[in-house]
Each structure stands twice: as structure tokens, then as C-alpha cells.
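So the sequence shown is numbered by this note's numbering: it starts at 314 and just counts up by one. Down below is the structure, laid out as C-alpha cells.
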Amino acid sequence: MNKDQVKGRIEEAKGKMKEVVGKVSGDKTLEQKGKIQNISGKVRAGLGDLKEDIKDAI
């Protein structure tokens, strides 16, 4: 696992927590921030996965 994969997965988890807390508390702003953070974490983790795949292929 590379650092982008790790950091991306952590951001996904943080975003999901914010999203759930926002949904439960009725805070739409926090919910939206959580969704954005979750998506950005998925993108970063995907980038890390791609880097790892390229490294394995070489």
C-alpha cells in the first residue's frame, strides 16, 4: 500500500462520518462537506491504486 491509498481511505472514512453525523443531526452543510470529503478520498485512493497497479506491472 502506498501513501495515497492510505490517506485516501482515511479521508473516505472521515467524510463518511461527517456525512452520517450531518444526516442524523439535520446539518445539511456538514452532510455535504462529508460527501465531498468522501468523494475526494475515493479519488485519492483510486490514484494510489492506479500507482500500485503500474508499479506491479513494471
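By construction, the Cβ of each residue, glycine as well, lies at the ideal position given by its N, Cα and C atoms.
Close-in-space but distant-in-sequence residues of the same chain around residue i (CB under 8 Å, 5 per side omitted)
i: residue 330; result: 347
i: residue 356; result: 321
Proximity below 7 Å, CB of residue i to CB of residue j
i: residue 328; j: residue 354; result: yes
i: residue 332; j: residue 344; result: yes
Other residues of its chain near residue i: CB distance less than 7 Å, five sequence neighbours each side excluded
i: residue 350; result: 324, 327, 328, 331
i: residue 315; result: 361, 364, 365
Buried versus exposed call for residue i [16 or more other C-beta atoms within 10 Å across all chains shown]
i: residue 339; result: exposed
Nonlocal neighbours in the same chain, by C-beta distance under 6 Å from residue i, ignoring five residues either side
i: residue 368; result: none
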